[in-house]
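Numbering-wise, the sequence shown is residues 751 to 937 according to this note's numbering. C-beta atoms are modelled at their ideal positions from N, C-alpha and C, and glycine is treated no differently. Since this is a predicted model, take the numbers as computed values, not measurements.
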Amino acid sequence: MQEWERKRSGGPCRVAEEHEARPERRSRKEEVERQRKVTQWEIAKALAGKSQQNVEQLQKHLPSEFNKKYEEWRLKMKMAEVKAGHGAPTQGQVSPGSQKRRAAELRRQTRTKDLQWLERELQKVSYGIESLLNALERVRDAMRRPKEDKEDKVTIKTAEGEFRFEGINKNFTKKLYEWEERRGKRK
């Protein structure tokens, strides 16, 4: 308890100084982690062109498991390039002829897609025009027909004369005839 209070009263800086004063207390994991970070920093520095060390020399500091997996990954990527037909794995660059072929193929595919989209849009427009023409024709037919031709107007002959009624149906007309016959007004 007294030791804890002594460290507590010393503040966080004092505790950090005690850890730096005793580097032998670092665990093996911490040492490997520190070495890995230093190596990664050196690799980044070498790749940036600020260091004269070779990247392969720096990889020696990395764990062998990492280097093994990295080599497996590089082989997989090279094999994928060969299977896809992108050229020899040792070249690393694509030949100008294959680049031109790929660019031409891409342009052709883009052109085909654009034409298909345009055809679909034309079909939509033509369908819309056709439906509008049909609606216009129906309106023209309705305007040409005289109003008397409508079927909802019914002419009823009675004893007193002929009457035109709008909006009645044949069932009503039949009942009207029967009613007139019962009353004796029908001839």
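Neighbour-count burial assignment, residue i, 16 or more Cβ in a 10 Å radius
i      : result
Ser777 : exposed
Leu808 : buried
Val765 : For Val765, the predicted model reports a pLDDT of 48, less than 50, meaning its position is unreliable; a value from the coordinates is still stated below. Burial call: exposed.
Contacts around residue i, its chain only, beta-carbon distance under 8 Å, and the 5 residues preceding and following it disregarded
i      : result
Pro839 : Residue confidence is low: Pro839 scores 46 on pLDDT, short of 50, so the model does not pin down where it sits. No coordinate-derived value is stated.
Arg740 : Limits of the chain in this structure are 751 at one end and 937 at the other, which puts residue 740 out of reach.
Gln873 : none
Glu753 : none
CB of residue i within 8 Å of CB of residue j, strictly
i      : j      : result
Arg914 : Lys903 : yes
Arg784 : Leu812 : no
Glu930 : Thr908 : yes
Same chain, Cβ closer than 7 Å to residue i, five either side skipped, listed in chain order
i      : result
Arg933 : none
Thr789 : Leu808, His811, Leu812
Gln859 : none
Contact set for residue i: own chain, Cβ-Cβ below 6 Å, skip 5 residues either direction
i      : result
Asn817 : Gln809
Q: Run through the stretch 838-919 for me and flag every whole beta strand (DSSP E) of 3 or more residues, listed as ranges in chain order.
A: Entirely contained in the stretch 838-919, the beta strand (DSSP E) runs reaching 3 residues are, in chain order, 903-907, 912-916.
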